Amino acid sequence: MAEEKELRYDPAAIEPKWQDRWAADPNMYAAEPHSGGKPKYYVLEMLPYPSGQLHMGHVRNYSIGDALARHMWMRGYNVLHPMGWDAFGLPAENAALKNNTPPREWTLANIAAMKRQMQRLGLGYDWATEVTTCLPDYYRWNQWFFLRMYEKGLAYRKKSKVNWCPECATVLANEQVIDGRCWRHEDTIVEQRDLVQWFFRITAYAQELLEGLDKLEGWPEKVRIMQRNWIGRSEGTDVEFGVENRSERIRVFTTRIDTIFGATSVQLAPEHALVTALAADDAGLREQVAKLLDEQKKAREAGDIGEIEKHGIPTGRFAINPYSGELVPIWVANYVLSDYGTGAIMSVPGHDERDFEFAKKYAIPIRRVIAPADPHADQSELPFISEDGVLVNSGDFNGLSCHDAQSKLQEIAKSKGFGEATVTFRLKDWGVSRQRYWGTPIPIIHCEHDGIVPVPDDQLPVLLPERIEITQQGGSPLSKVSDFVNVTCPKCKGPAKRETDTMDTFVDSSWYFYRYTDANNSASPFAPQTAQYWFPIDQYIGGVEHAILHLIYSRFWTKVMRDLGLIKNDEPAQRLFTQGMVIKDGAKMSKSKGNVVSPDDMVARYGADATRMYALFAAPPDRDLDWQEDGVAGVSRFLGRVWRIVMRYAPAARAGAQSKADNPQGLALKLLRKLHQTTAKITQDFEGRWHFNTCVAAIMELVNDIQAADAQLAAGEVPAPVMHELLQTLVLLLAPFAPFLAAELWDELGGEGAVLRQPWPKSDPGLVKEDEIEIPVQINGKLVSLIRVPAGSDAKAIEAAALAEEKVKSRTAGKTVAKVIVVPGRAVNLVVK
Ligand SMILES: [Zn+2]
Ligand SMILES: [Zn+2]
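For reference, each letter of the sequence shown is one residue, going 1 to 833 in my numbering.
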């Protein structure tokens, strides 16, 4: 029996045993009280959507986070490492429709299945802090936050354009519109409808969200760039053109006020108020505008409004340039959008690519008003886009640089009252209304008498009704539940109707990581002092696909909570790491490609340790990983080698547990050096570089060295205390990557307590430094000997050492050493005659 155990690594025997032990010990992965005096470390992986099955991308994400958490536990930190479920969303409704299972049941069953998978993988989460966003104990706080935001004017309603499927009678998300048609009704063209929707005023924080990015040095630069572009700040000028013979004014925004003398037309969106007014008594114009509007609508529906073929019509009216008094024609154009900016632009074809194209097409004058600053540059080519120029054909402003002209023209606009310097953002307010069932009900009541009435706090949560029919047709399912809809107005006590929109699920994920710190609080979303202890998150880990929406919304939410006085931090996460994708045969894993590798299969075949360790070993964590089953098998064989080595020498190691080796020499010293070098490398990697693939490779090298010395180890050439240090440290180094094997071997070595509670090994700088190096000595091109010299020896010292070496001495005896060539650190060549 003993013999058999010694030889065979069997994860199927080891892993379930430890799964049970860890599950039975609620303190195993629990955070400690804050009073413990340890430094805190909050490591967080993005919470999954409970689809029912972990995929390899999850396994990779969680293997990275778990290795880090385990390492930090061993470094003596008080670690918070939680997990939860982003559990609202449309798939649950689709499943309900398909399988006739209520969304809640479907979701909770999926959560249970995925939690089993996570436990099988040995991921060290504190399940006492688990957060499930579809349960009322969580979503009541979404409602509470909604009300606080409503009070502060940060939640509001407005009419906006939505994708509407007439067949579904509901709003579709952009992803549900495929080639302009409904994803469920291939023959139905999705319409654009104006609908009153709820919004969060994220734009109130646009500037702060932008500036905060500079301080997020622990975030990947690519994520910060994506957020900067998404926020899209541009500085410019709002300026008003008058309208000849009318009282209206046309407000335009331009980033290039310095080119305004080159404006040869003003272009309005078909829905601009002035167009409506002009068309009211001009049937011909009305008809043409309707056509432009229709083109615009179709382009929007096809999702390529940016690519629209530009059409326009002159209205026959003129706008007045506020600086020059020049009359320029007013056009209506299909590429100008009423919901972007002011719905009007000044067209400067001499200095703008798009305006140039339009002017060419309709023979609108093109005028140069900026000349290149460089006198040798081509003075005739238009459009000239650069701001490195001086004004020409611009009246009193001729000769000014673009930059100076901008400030000068802004000053004039301001003093004369027809404009001002402004900043605009690309960022739009966050539309949170969904005409869906499986989401957080918006805590608002509509009363004919009182208008919008917030649900009083003491009536929260507004519970999502459970037994309801989901048809995905005829609008919001909640609107058909009369118990839900018909309520008493909290103000006038008269009959009123509940809001039937639910919240975007990005609301759920905007603050879930605060709830982890105090998941069972029933009086508030979390206790401020608890959040203050844990925040900001020390390390957040997830996919780069969340670089924009989730990671901007959660930054916004943090700022709102700060302004509500709940927290003190400005940003949710100190450091962010975005791992690469897991691909197979060069393509993203997907059911349709048939290249999905199931984590369960891998665990069944090779064990959880090998699966996790492969996910870390196969590629640097920030790069894509091409899944190769051979590779998993290879890691499994490696763990088998570790198993056999430790089992074979465990008795010797245990014998050395109580003493320390004095002055180890030879093989013992060589192995200790390798051990301490490996420890130093892995420790350093955990501190920032995160090249876990090379960490695993370093452990493999160490194990190779031990294995290569097998005969000498068997002969007892290495003292027992060194064997003890060697094997015990090897197991500790493996613990973040292969926790099951490490736990088992720790026991075998007679280690006390859980491996996770052991201090992380320290490397001895004296041993880490390679203080002697070997240099080959050649005589007349033939290798004669190897000499050992202190690292860093100079050529003279190496030459002396070479000439003093016994074999060299005997080969040169009685001969003349004509020449000695030393390549320091590399080789010595003697030319002997
Ligand atoms: Zn449809
Ligand atoms: Zn009322």
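Glycine included, every Cβ here is placed at the ideal spot set by N, Cα and C.
All values derive from a computational prediction rather than experimental measurement.
Identify which residue in K115, K782 and N229 has its Cα closest to the Cα of I548.
As a first step, residue 548 must be located in the sequence shown, where it is residue number 548. Nearest of K115, K782 and N229 to I548, Cα basis: N229.
Whole angstroms are fine: how far does the CA of G84 sit from the CA of Y77?
Walking along the sequence shown from the start, residue 77 turns up at place 77. Walking along the sequence shown from the start, residue 84 turns up at place 84. So the alpha carbons of these two residues sit roughly 22 Å apart.
Do you know how far the Cα of G634 is from the Cα of E301?
As a first step, residue 301 is located in the sequence shown; it is residue number 301 there, counting from the start. As a first step, residue 634 is located in the sequence shown; it is residue number 634 there, counting from the start. Spanning the two alpha carbons is a distance of roughly 51 Å.
Which class does A523 belong to by DSSP, given the choice of helix, strand or coil?
To locate residue 523, count along the sequence shown from 1; it is residue 523. In the structure shown, A523 sits in coil (DSSP, three-state: anything other than H, G, I, E or B).
Just tell me which of L409, R317 and D622 has its CA closest to the CA of G65.
For the purposes of this step, residue 65 is identified with residue 65 of the sequence shown, where counting begins at 1. Per the Cα distances, D622.
Any heavy atom of ligand 2 closer than 8 Å to the Cβ of K361?
Sequence index remark: in the sequence shown, residue 361 carries index 361 (1-based). Outside the cutoff, so no.
On the CB-based measure, 16 or more other CB atoms within 10 Å of its CB, does E571 come out buried or exposed?
Here residue 571 corresponds to residue number 571 of the sequence shown, with the count starting at 1. That one is buried.
DSSP has G312 in a bridge; who is on the other side?
Start at 1 with the first residue of the sequence shown, and residue 312 comes out as number 312. A333.
Taking the continuous beta strand (DSSP E) assigned at M226, which residues delimit it?
By one-based count along the sequence shown, residue 226 stands at place 226. Run containing M226: none in the beta strand (DSSP E); it sits in the alpha helix (DSSP H), E221 to I231.
Just the C-alpha distance for D352 and P383, rounded to the nearest angstrom, thanks.
As a first step, residue 352 is located in the sequence shown; it is residue number 352 there, counting from the start. As a first step, residue 383 is located in the sequence shown; it is residue number 383 there, counting from the start. Their Cα atoms are separated by approximately 6 Å.
Nearest-angstrom Cα distance between I225 and I320?
Residue numbering aside, residue 225 sits at position 225 when the sequence shown is read from its first letter. Residue numbering aside, residue 320 sits at position 320 when the sequence shown is read from its first letter. Approximately 40 Å between the Cα atoms of the pair.
Might you give, ordered along the chain, the residues of its own chain that have their beta carbon closer than 8 Å to the beta carbon of T471, omitting 5 neighbours on each side?
One-based indexing of the sequence shown puts residue 471 at position 471. Result list for T471: L97 and P477, in chain order.
In the DSSP assignment, what are the bridge partners of R612?
For the purposes of this step, residue 612 is taken as residue 612 along the sequence shown, with counting starting at 1. The partner list for R612 (beta bridge, DSSP) is empty, contrary to what the question assumes.
In the DSSP output, what is F577 paired with across the bridge?
The residue labelled residue 577 in the question sits at position 577 within the sequence shown. I541.
Considering Cα atoms alone, identify which of M149, G814 and A802 is closest to I821.
Numbered from its first residue, the sequence shown carries residue 821 at position 821. Answer by Cα proximity: A802.
Along the chain, which unbroken stretches of the beta strand (DSSP E) at least 3 residues long are found entirely within the segment 146 to 171?
Those beta strand (DSSP E) runs which fall completely within the segment 146 to 171 and span 3+ residues are 155 to 165.
How should I699 be labelled, buried or exposed, when 16 other C-beta atoms within 10 angstroms of its C-beta is the threshold for buried?
Translated into positions along the sequence shown, residue 699 becomes position 699. Answer is buried; the Cβ neighbour count reaches 16.
Tell me, please, which residues DSSP counts as bridged to D194.
What you label residue 194 is simply residue 194 of the sequence shown in a count that begins at 1. D194 pairs with K161.
Per the contact definition of three or more C-beta pairs closer than 8 Å, is the segment 141 to 158 in contact with the segment 113 to 120?
Contact fails: fewer than three Cβ-Cβ distances are below 8 Å.
With respect to 8 Å, is the separation between the Cβ of K497 and the closest non-hydrogen atom of ligand 4 below this value?
No copy of ligand 4 appears in this structure; the ligands present are ligand 1 and ligand 2.
Counting along the chain, where does the alpha helix (DSSP H) carrying Q677 start and finish?
Translated into positions along the sequence shown, residue 677 becomes position 677. Start and end: G666 to Q684.
Comparing the CB of V453 with every heavy atom of ligand 2, is any distance shorter than 8 Å?
Counting from one through the sequence shown, the residue named residue 453 turns up at place 453. Checking every heavy atom of ligand 2 against the Cβ of V453, one is found closer than 8 Å.
G343: buried (16+ other C-beta within 10 angstroms of its C-beta) or exposed?
As a position in the sequence shown, residue 343 is number 343, starting the count at 1. Flag for G343 reads buried.
Tell me whether V823 is buried or exposed, calling it buried when 16 or more other Cβ atoms sit within 10 Å of its Cβ.
Locating residue 823 in the sequence shown gives position 823, counting from the first residue. By the 10 Å Cβ count, V823 comes out exposed.
May I ask which residues mark the beginning and end of the beta strand (DSSP E) holding F638?
Indexing the sequence shown from 1 puts residue 638 at position 638. Counting along the chain, F638 falls outside any beta strand (DSSP E), though it belongs to the alpha helix (DSSP H) covering E629 to A655.
Can you grab the Cα-Cα spacing for the pair G607 / N704, in whole Å?
Residue 607 sits at position 607 when you count from the first residue of the sequence shown. Residue 704 sits at position 704 when you count from the first residue of the sequence shown. Between G607 and N704, the C-alpha separation is close to 22 Å.
So T679 packs on L727, CB below 8 Å; how close in whole Å?
For this step, residue 679 is matched to residue 679 along the sequence shown. For this step, residue 727 is matched to residue 727 along the sequence shown. Going by Cβ atoms, the distance from T679 to L727 rounds to 13 Å, so no, they are not a contact pair.
Thinking C-alpha only, which one of D600, V423 and Y49 is nearest A204?
As a working note, residue 204 is residue 204 in the sequence shown. Checked all of D600, V423 and Y49; the closest Cα to A204 is V423.
Are the segment 504 to 516 and the segment 136 to 147 touching by the rule of at least three beta carbon pairs closer than 8 Å?
Yes, since at least three Cβ pairs between the segment 504 to 516 and the segment 136 to 147 fall closer than 8 Å, the two stretches touch.
May I have the straight-line CA-CA distance separating M1 from W127, to the nearest angstrom?
Locating residue 1 in the sequence shown gives position 1, where the first residue counts as 1. Locating residue 127 in the sequence shown gives position 127, where the first residue counts as 1. Residue placement at M1 is flagged as unreliable, the pLDDT there being 40, under the threshold of 50; the coordinate-derived value follows with that caveat. Spanning the two alpha carbons is a distance of roughly 37 Å.
Using DSSP's beta-bridge definition, name the partner residues of I189.
Counting from 1 along the sequence shown, the entry for residue 189 is found at position 189. BP columns for I189 point to R181.
Is L90 a contact residue of ligand 1, with contact defined as CB to any heavy atom under 8 Å?
Sequence index remark: in the sequence shown, residue 90 carries index 90 (1-based). It does not: the Cβ of L90 is nowhere closer than 8 Å to a heavy atom of ligand 1.
With DSSP run on the structure shown, which of helix, strand or coil describes R498?
In the sequence shown, counting from the first residue as 1, residue 498 sits at position 498. Strand, per DSSP.
How many Å lie between L216 and S763 at the Cα?
Along the sequence shown, one-based indexing puts residue 216 at 216. Along the sequence shown, one-based indexing puts residue 763 at 763. C-alpha separation (whole angstroms): 32 Å.
Starting from Y323, follow the alpha helix (DSSP H) in both directions and report where the run begins and ends.
The sequence position of residue 323 within the sequence shown is 323, counting from 1. Segment: none, Y323 is in no alpha helix (DSSP H) and carries neither H nor E.
Label S793 either buried or exposed according to how many other C-beta atoms from any shown protein chain fall within 10 Å of its C-beta, with 16 as the threshold for buried.
As a working mapping, residue 793 is identified with position 793 in the sequence shown. Classification of S793: buried, given that the 10 Å Cβ count is 16 or more.
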